[in-house]
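Asks: Numbers 223 to 888, taken from the numbering used here, label the letters of the sequence shown in order. Below is the structure I would like to discuss, written out as structure tokens.
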Amino acid sequence: MTDFFLIALLFIATIVTNMIYTWYDKVPLAFYQIGAGLLLALVPLFAHFTLEPELFLMIVIAPLMFNDGQNADTKTIRGKQGTIFSLSVLLVIVSVVASGFVAHRTLPTLPLALAFALAAIITPTDAVAVTSITSKLQMPAKIMNALKNESLFNDASGIVAFDLALTTFLTGKFSVIDGIEHFLVVFLGGLLVGILLGAVTVSIRLFLIQQTMNPAAVIIPYNLLTPFAIYLIAEGVGLSGILAVVAAGLVHGLSQSRFRLSSTQLQMENKTAWQIVENMLNGFVFVLLGATLPTVWLNIVHSEFNELPRLLVLGIILYLFGIFIRYIWIRFGFAELGVKKQKIHSAAFINAIAGVHGTITLAMAFSLPLTAFGQSLPFRDAIIFVAAEVIIISLIVPTVILPFILPKKEVATSDEEITNHRNRMVEYASAQLIASSPQNDPPVSKVIETLLSQKGRTTRPNRKNLQAMLDHTNQIATDVVLEMERNGEISSQSAQAYLRLMTFHNRFSQGNRWKQFMRRLTFKIRRSSKQTRLNRNRQKIAAQLDNQSRNGDQRLAQLTQMHTDMMQMENRVFDRVIAYLNEIHNHTNTAEVDIVRHTYNQHHSRYLANQADQDHEQELFLKAFQFEYNFVQNEVQSGNISKELGNDLYQQISTDELAYMQSSSN
Numbered sequence: 223m224t225d226f227f228l229i230a231l232l233f234i235a236t237i238v239t240n241m242i243y244t245w246y247d248k249v250p251l252a253f254y255q256i257g258a259g260l261l262l263a264l265v266p267l268f269a270h271f272t273l274e275p276e277l278f279l280m281i282v283i284a285p286l287m288f289n290d291g292q293n294a295d296t297k298t299i300r301g302k303q304g305t306i307f308s309l310s311v312l313l314v315i316v317s318v319v320a321s322g323f324v325a326h327r328t329l330p331t332l333p334l335a336l337a338f339a340l341a342a343i344i345t346p347t348d349a350v351a352v353t354s355i356t357s358k359l360q361m362p363a364k365i366m367n368a369l370k371n372e373s374l375f376n377d378a379s380g381i382v383a384f385d386l387a388l389t390t391f392l393t394g395k396f397s398v399i400d401g402i403e404h405f406l407v408v409f410l411g412g413l414l415v416g417i418l419l420g421a422v423t424v425s426i427r428l429f430l431i432q433q434t435m436n437p438a439a440v441i442i443p444y445n446l447l448t449p450f451a452i453y454l455i456a457e458g459v460g461l462s463g464i465l466a467v468v469a470a471g472l473v474h475g476l477s478q479s480r481f482r483l484s485s486t487q488l489q490m491e492n493k494t495a496w497q498i499v500e501n502m503l504n505g506f507v508f509v510l511l512g513a514t515l516p517t518v519w520l521n522i523v524h525s526e527f528n529e530l531p532r533l534l535v536l537g538i539i540l541y542l543f544g545i546f547i548r549y550i551w552i553r554f555g556f557a558e559l560g561v562k563k564q565k566i567h568s569a570a571f572i573n574a575i576a577g578v579h580g581t582i583t584l585a586m587a588f589s590l591p592l593t594a595f596g597q598s599l600p601f602r603d604a605i606i607f608v609a610a611e612v613i614i615i616s617l618i619v620p621t622v623i624l625p626f627i628l629p630k631k632e633v634a635t636s637d638e639e640i641t642n643h644r645n646r647m648v649e650y651a652s653a654q655l656i657a658s659s660p661q662n663d664p665p666v667s668k669v670i671e672t673l674l675s676q677k678g679r680t681t682r683p684n685r686k687n688l689q690a691m692l693d694h695t696n697q698i699a700t701d702v703v704l705e706m707e708r709n710g711e712i713s714s715q716s717a718q719a720y721l722r723l724m725t726f727h728n729r730f731s732q733g734n735r736w737k738q739f740m741r742r743l744t745f746k747i748r749r750s751s752k753q754t755r756l757n758r759n760r761q762k763i764a765a766q767l768d769n770q771s772r773n774g775d776q777r778l779a780q781l782t783q784m785h786t787d788m789m790q791m792e793n794r795v796f797d798r799v800i801a802y803l804n805e806i807h808n809h810t811n812t813a814e815v816d817i818v819r820h821t822y823n824q825h826h827s828r829y830l831a832n833q834a835d836q837d838h839e840q841e842l843f844l845k846a847f848q849f850e851y852n853f854v855q856n857e858v859q860s861g862n863i864s865k866e867l868g869n870d871l872y873q874q875i876s877t878d879e880l881a882y883m884q885s886s887s888n
């Protein structure tokens, strides 16, 4: 129960740090997470907290590597096999051997096999961390693609080298020929098993989709559990489980065209589920580092041989030596990035310092066994400490240096860029609406037609001017009703009823954003409880009619007359408002006039429609707005658009939502 409580705290801290990073993203997310872990270390229960090392490779690394595989750009991989092999396999072997000897030379008390294990741990790079650091910089696309492809496979190579070094230490046996043979068998065998199991799991997944299984109950859980099953099977036959899940992930990625035939909503739900898993596991590992770092520090300080100063120096040396090897590897053409010769120096330097270490390195360090030969594994705390030091340095250096080398991304957004992304947003929302609705549903076509009308808007509406125009048209409507009452065209009772609706209409649309948000929330709650109120009103009316059965004909006549009056007022108001909009329309207010005109068109058509169609249409509009919000959120989180552009799109969705609720509030 205690372990469950501590793990829950780690995940809660992960969520909190993600929130803080959303508000202030100038500091890398990993630093927030490590800091949160350090705060958790103050909780006495974390003093000697450990997780089973065997679980780390399967529970943390396997799903992360599988997701990286299925999201990889397979087209880029096909054309860059040589570069990927050079960076992900050959560079890993050279780095592990060279860094292992450097580590052993710097710290002679560290056994050579464990020095190689440490070198293997700090070999994998983290493309997610690089993306976070360079999110506001113009990172060269070729270098970024090389880092992503390298990260996908060098994790697996590093893990195989780590297992080999650890096995050598535990058994005391090693030969170069046997080591190379073991590496190739485990590496290539893991890839082969992963490809076969990936093909099988893809076929099963397609079968489940064709059988229209419940996505939330069957298909998505099946996909999330796939990497664990593949890892266990591959490890069970003595091959690399990590390479197997990477290969299986690539097979799933190559099969995406077949999955596109399934529901768009299913694809989005599956993508969202994997984003949650990836974010939580990445954050969990860094928070755990912060929570365990004080204990590791104290264990080193209080050990029989206090090697803390040498460990600090060792971490710096290994980081600098790793950068040097990466630079030489690119600079002298051992891996081809596709850049011009005159730019190879800067490309090699950027690639070298952008080789950030992160989640996989930490997970490998934590996967070190707790015991060996019947006692605590020697230097376990030292290896974890050095790995953490290398990670932190590798995050700090590019954060400080890259802004001086790379230009900043342009934050200003042009009208053309906004129009382009708004069009994509509308198309996405329309596709989602079609996928989640029955076929041949007339209101869906109407809502989609309304959404597509947003694509033609090339000028951003001014919210203040739009609100002023809506207020003025509301005043026109009020004047029309009072004029009709004075002329005896309608009864006073009908006029008051219409004006009460207008009062609610005005009150609903005015106020600051917080008030509008609360009114939107109230609007949705009222809609959800509408049927209950209607049933209650029907019972009340039935009782009144029963009590007033003697003058039932008179009451029916009054209701009929009021309905006639309301229709007259609606038609007159509509005509007068449209005439006003035609009169004031010019090139400076086109966006605002179009929105107000559309608002009254929608309101007028709904006024003439039956109640069931109105309710259904309102639900569809609310779903469409939510799909648009989801699109913008996903684009911002994935780095496809800037936060500034995202805010512009959010503002436009909010404006459209306000205009819609103006027209539907009656």
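Glycine included, each C-beta is placed from N, C-alpha and C at the ideal position. For clarity, every value in this text was computed on a predicted model and none was experimentally measured.
Spatial neighbours of Leu756 within its chain, please: C-beta separation below 7 angstroms, excluding the five flanking residues on both sides.
Replies: As a position in the sequence shown, residue 756 is number 534, starting the count at 1. At Leu756 the pLDDT is 49, less than 50, meaning the model places this residue with poor confidence; the figure from the coordinates comes in the next sentence. Answer for Leu756: no residue qualifies.
Asks: Whose C-beta lies closer than 7 angstroms to the C-beta of Asn293 among residues of the same chain, with five residues either side of it excluded?
Replies: Position 71 of the sequence shown, counting from 1, holds the residue named residue 293. Closer than 7 angstroms at the Cβ level, and outside the excluded window around Asn293, lie Gly475.
Asks: Using beta-carbon positions only, say whether Phe409 and Leu336 come within less than 8 angstroms of one another.
Replies: Against the sequence shown, residue 409 aligns to sequence position 187. Against the sequence shown, residue 336 aligns to sequence position 114. For Phe409 and Leu336, no; Cβs fall outside 8 angstroms.
Asks: Give me the residue from Gln689, Arg798 and Thr423 with the minimum Cα distance to Ala469.
Replies: For this step, residue 469 is matched to residue 247 along the sequence shown. Minimum Cα distance to Ala469 is reached at Thr423.
Asks: Considering only C-alpha positions, which residue in the set Asn862, Leu617 and His785 is nearest to Glu639?
Replies: Indexing the sequence shown from 1 puts residue 639 at position 417. Per the Cα distances, Asn862.
Asks: Figure out for me which residue from Ala813, Val350, Val499 and Ala383 has the closest Cα to the Cα of Asn687.
Replies: Counted from its first residue, the sequence shown places residue 687 at position 465. Among Ala813, Val350, Val499 and Ala383, the Cα nearest to that of Asn687 is on Ala813.
Asks: When burial is assigned at 16 or more other CB atoms within 10 Å of the CB, is Lys370 buried or exposed?
Replies: Here the question's residue 370 lines up with position 148 in the sequence shown. It is buried - the Cβ of Lys370 has at least 16 other Cβ atoms within 10 Å.
Asks: Would you decide whether Arg644 is buried or exposed? Buried here means 16 or more other CB atoms lie within 10 Å of its CB.
Replies: For the purposes of this step, residue 644 is taken as the residue at position 422 of the sequence shown. Arg644 is buried by the Cβ-count criterion.
Asks: Helix, strand or coil for Val564 per DSSP?
Replies: Translated into the one-based positions of the sequence shown, residue 564 becomes position 342. Reading off the sequence shown, one finds Gln at residue 564, where the question assumed Val. Residue state, collapsed to three classes: helix.
Asks: Gln303 by DSSP, collapsed to three states: which one?
Replies: Taking the first residue of the sequence shown as position 1, residue 303 is located at position 81. Looking at Gln303 - three-state DSSP - the assignment turns out to be helix.
Asks: With which residues is Gln360 paired in a DSSP beta bridge?
Replies: Looking up residue 360 in the sequence shown gives position 138. Partner(s): none; Gln360 has no beta bridge.
Asks: Tell me which residues share the same chain as Leu334 and place their Cβ nearer than 6 angstroms to its Cβ, disregarding the 5 neighbours each side in the sequence.
Replies: Here residue 334 refers to the residue found at position 112 when the sequence shown is read from its first residue. Taken in chain order, the residues that qualify are His326.
Asks: Using beta-carbon positions only, say whether Pro250 and Thr621 come within less than 8 angstroms of one another.
Replies: Locating residue 250 in the sequence shown gives position 28, where the first residue counts as 1. Locating residue 621 in the sequence shown gives position 399, where the first residue counts as 1. Going by C-beta atoms, Pro250 is nearer than 8 angstroms to Thr621.
Asks: If you draw a straight line from the C-alpha of Ile306 to the C-alpha of Ala368, how long is it?
Replies: Against the sequence shown, residue 306 aligns to sequence position 84. Against the sequence shown, residue 368 aligns to sequence position 146. One C-alpha to the other measures close to 7 angstroms.
Asks: Just curious, the alpha helix (DSSP H) that Ile712 is in, first and last residue?
Replies: Here residue 712 corresponds to residue number 490 of the sequence shown, with the count starting at 1. Premise fails: Ile712 is in no alpha helix (DSSP H) and is neither H nor E.
Asks: With DSSP as the reference, label Ala594 as helix, strand or coil.
Replies: On the sequence shown, position 372 is the one that residue 594 refers to. It is a strand residue.
Asks: Pull up the DSSP beta-bridge partners for Lys630, would you.
Replies: As a working note, residue 630 is residue 408 in the sequence shown. Paired residue(s): Leu359.
Asks: Kindly indicate which three-state DSSP category His474 falls into: helix, strand or coil?
Replies: Walking along the sequence shown from the start, residue 474 turns up at place 252. Helix, per DSSP.
Asks: Is the stretch 786 to 804 touching the stretch 694 to 706 in the sense that three or more CB pairs, one from each, lie closer than 8 angstroms?
Replies: Verdict: yes, contact present.
Asks: Could you name the residues of the same chain whose beta carbon sits closer than 8 angstroms to that of Met241, not counting the 5 residues immediately before and after it, in chain order?
Replies: On the sequence shown, position 19 is the one that residue 241 refers to. Correct list: empty, nothing qualifies.
Asks: Whose CA, out of Gly394, Leu617 and Val318, lies closest to the CA of Ile381?
Replies: Taking the sequence shown and counting its residues from 1, one reaches residue 381 at position 159. Cα-wise, what sits closest to Ile381 is Val318.
Asks: Determine, using beta carbons only, whether Gly580 and Asp348 come nearer to each other than 8 angstroms.
Replies: The residue you call residue 580 lines up with position 358 of the sequence shown. The residue you call residue 348 lines up with position 126 of the sequence shown. Yes, Cβ-Cβ distance for Gly580 and Asp348 is below 8 angstroms.
Asks: Under 8 angstroms, do Thr328 and Ile550 count as touching if we go by C-beta distance?
Replies: Walking along the sequence shown from the start, residue 328 turns up at place 106. Walking along the sequence shown from the start, residue 550 turns up at place 328. Not closer than 8 angstroms, so no.
Asks: What residue range is occupied by the uninterrupted alpha helix (DSSP H) comprising Gly322?
Replies: Residue mapping note: residue 322 aligns to position 100 of the sequence shown, counting from 1. Leu313 to Thr328 is the extent of the alpha helix (DSSP H) around Gly322.
Asks: Could you tell me whether the stretch 256 to 263 touches the stretch 506 to 517, using the rule of 3 or more Cβ pairs below 8 angstroms?
Replies: Judged by Cβ distances under 8 angstroms, the stretch 256 to 263 makes contact with the stretch 506 to 517, as three or more pairs qualify.
Asks: Going by beta carbon distance, what residues of the same chain come within less than 7 angstroms of Phe338, once the five residues before and after it are set aside?
Replies: In the sequence shown, counting from the first residue as 1, residue 338 sits at position 116. Counting only Cβ-Cβ distances below 7 angstroms, and skipping sequence neighbours, we find Val318, Gly322 and Ala387.
Asks: Is there contact between the stretch 430 to 442 and the stretch 488 to 497, where contact requires at least three CB pairs shorter than 8 angstroms?
Replies: Counting Cβ pairs under 8 angstroms, three or more are found: they touch.
Asks: Thinking just about the alpha-carbon of each residue, which of Ile806, Val509, Ser716 and Glu839 is nearest to the one in Leu781?
Replies: As a position in the sequence shown, residue 781 is number 559, starting the count at 1. Of the listed residues, the one whose Cα sits closest to Leu781 is Ser716.
Asks: Assign Leu540 to one of three DSSP states: helix, strand, or coil.
Replies: For the purposes of this step, residue 540 is taken as the residue at position 318 of the sequence shown. Here Leu540 sits in helix by DSSP.
Asks: Could you pull the start and end residues of the alpha helix (DSSP H) that Ala284 belongs to?
Replies: Within the sequence shown, numbered from 1, the residue matching residue 284 stands at position 62. Run containing Ala284: Ala284 to Gln292, per the alpha helix (DSSP H) assignment.
Asks: Quick check: what's the CA-CA separation for Thr356 versus Thr877?
Replies: One-based indexing of the sequence shown puts residue 356 at position 134. One-based indexing of the sequence shown puts residue 877 at position 655. When rounded, the distance between both Cα atoms is 32 angstroms.
Asks: Given this structure, state the Cα-to-Cα distance separating Trp245 from Ile399, to the nearest angstrom.
Replies: For the purposes of this step, residue 245 is taken as residue 23 along the sequence shown, with counting starting at 1. For the purposes of this step, residue 399 is taken as residue 177 along the sequence shown, with counting starting at 1. So the alpha carbons of these two residues sit roughly 54 angstroms apart.
Asks: Here's the rule: buried if 16 or more other CB atoms are within 10 angstroms of the residue's CB, otherwise exposed. What is Ala363?
Replies: Counted from its first residue, the sequence shown places residue 363 at position 141. Ala363 is exposed by the Cβ-count criterion.
Asks: In terms of residues, what are the limits of the alpha helix (DSSP H) holding Glu457?
Replies: As a first step, residue 457 must be located in the sequence shown, where it is residue number 235. Taken as a continuous stretch (DSSP letters only), the alpha helix (DSSP H) holding Glu457 covers Ile442 to Gly458.
Asks: Residues in its own chain within less than 6 angstroms of Leu509 by CB, not counting five upstream and five downstream?
Replies: The residue given as residue 509 occupies position 287 in the sequence shown. According to the sequence shown, residue 509 is Val rather than Leu. Cβ neighbours of Val509 beyond the five flanking positions: Leu232, Ala235, Thr236, Gln255, Ala258 and Gly259.
Asks: So, Ala889 versus Ala342, is the Cβ gap smaller than 8 angstroms?
Replies: Shown here, the chain extends from 223 to 888; a query on residue 889 therefore has no answer.
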